[in-house]
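Undergrad:
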Amino acid sequence: MNSEAVLLLETVHFAAEKHRNQRRKDTEQTPYINHPIGVARILSHEGGVMDVEVLQAALLHDTVEDTDTSIAEIQATFGPVVARIVQEVTDDKSLPKQERKRQQVEHAPHCSPQAKLVKMADKLYNLRDLNRCTPVGWTAERVQEYFLWACEVVKGLRGTNSVLEEKLDELFKQRGVQL
Ligand SMILES: [Mn+2]
1 MNSEAVLLLE
11 TVHFAAEKHR
21 NQRRKDTEQT
31 PYINHPIGVA
41 RILSHEGGVM
51 DVEVLQAALL
61 HDTVEDTDTS
71 IAEIQATFGP
81 VVARIVQEVT
91 DDKSLPKQER
101 KRQQVEHAPH
111 CSPQAKLVKM
121 ADKLYNLRDL
131 NRCTPVGWTA
141 ERVQEYFLWA
151 CEVVKGLRGT
161 NSVLEEKLDE
171 LFKQRGVQL
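Residues in the sequence shown are numbered consecutively from 1, following UniProt numbering.
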């Protein structure tokens, strides 16, 4: 079998184990793993991304932020390139939420092209999810604020993948968010 296919299976298995007990915030409590798989698939299926390390990083992108996984563990299991991309897309959880959101806007333009791809696909997935249904406990204002903030982050990610950028632009336009 093609070794990249084996690597992707190892990676999706690792992510599924790590997110095993987590659910999304939608009313149906979708299993969390649907999100990283969907983000990786946006990259491959819509963005035409074939770089297996980017697809692995997409599958793993929330493991360090949201589970007990460490960057050292990712590095030991999947190597330094995947670990570096995951590190780049991981927020510093020791900071207050508003500060983390501000840092995402500030750091976006300085990310590697690989990390920018993962960040764009993550935002695209989350915005589509917000259009599909409002998370439990969220108001319409909070949803709109998320679109505004995501637009600020995406501004710093541009010039990386025109297909993903156009799809994001369309979602911002639908919400009347200034590009
Ligand atoms: Mn995510």
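Just so it is clear, CB atoms sit at the ideal spot from N, CA and C, and this is done for glycine as well.
Bear in mind that the values here come from a model prediction, so they are computed numbers and not experimental data.
1) Is DSSP giving Arg23 helix, strand or coil here?
2) So, under 8 Å CB-CB, residue 180 and Gln114 are touching, yes? Tell me the CB distance rounded to an integer number of Å.
3) In this structure, does DSSP put Pro31 in helix, strand or coil?
4) Give the DSSP-derived three-state secondary structure of His45 in the structure shown.
5) Taking 8 Å as the cut-off, does the stretch 67-78 touch the stretch 121-133 (at least 3 CB pairs, one atom from each stretch)?
6) Counting only the same chain and skipping the five closest in sequence on each side, list residues whose C-beta sits under 7 Å from that of Leu55.
7) Using 8 Å as the threshold, is the stretch 149-163 in touch with the stretch 99-108, meaning 3 or more CB pairs across them?
8) For ligand 1, I want to know if Asn126 counts as a neighbour, meaning its beta carbon is within less than 8 Å of at least one of the ligand's heavy atoms.
9) Is Ser35 near ligand 1, going by C-beta to nearest heavy atom under 8 Å?
10) Ligand 1 and Val154: does the residue's C-beta get closer than 8 Å to at least one heavy atom of that ligand?
11) Is any heavy atom of ligand 1 found at a distance shorter than 8 Å from the C-beta of Asp62?
12) Short of 8 Å in beta carbon distance, which residues of its chain neighbour Thr160, apart from the five on each side in sequence? Order them along the chain.
13) I'd like to confirm something about Val54: is its beta-carbon nearer than 8 Å to some heavy atom of ligand 1, or not?
14) How far does the alpha helix (DSSP H) with Leu127 in it reach, from first residue to last?
15) Within a Cβ cutoff of 7 Å, which residues of the same chain sit near His61, ignoring the five residues on either side of it in sequence?
16) Locate the alpha helix (DSSP H) running through Pro11, then write down its first and last residues.
TA: Taking the coordinates as given:
1) Reduced to three states, the DSSP call for Arg23 is strand.
2) Past the boundaries of the shown model lies residue 180; the chain is included only from 1 to 179, so the question cannot be answered.
3) strand
4) Reduced to three states, the DSSP call for His45 is helix.
5) no
6) Leu8, Ala40, Leu43, Ser44, Val49
7) yes
8) When distances are taken from the beta-carbon of Asn126 to the heavy atoms of ligand 1, the shortest one is below 8 Å.
9) Per the sequence shown, residue 35 should be read as His rather than Ser. For His35, the Cβ falls inside the 8 Å cut-off from some heavy atom of ligand 1.
10) Not so, every heavy atom of ligand 1 lies at least 8 Å from the Cβ.
11) yes
12) Pro113, Lys116, Leu117, Met120
13) no
14) 113-132
15) Pro36, Val39, Val86, Val89, Val118, Asp122
16) At residue 11 the sequence reads Thr, which differs from the Pro that was named. Counting along the chain, the alpha helix (DSSP H) containing Thr11 begins and ends at 3-18.
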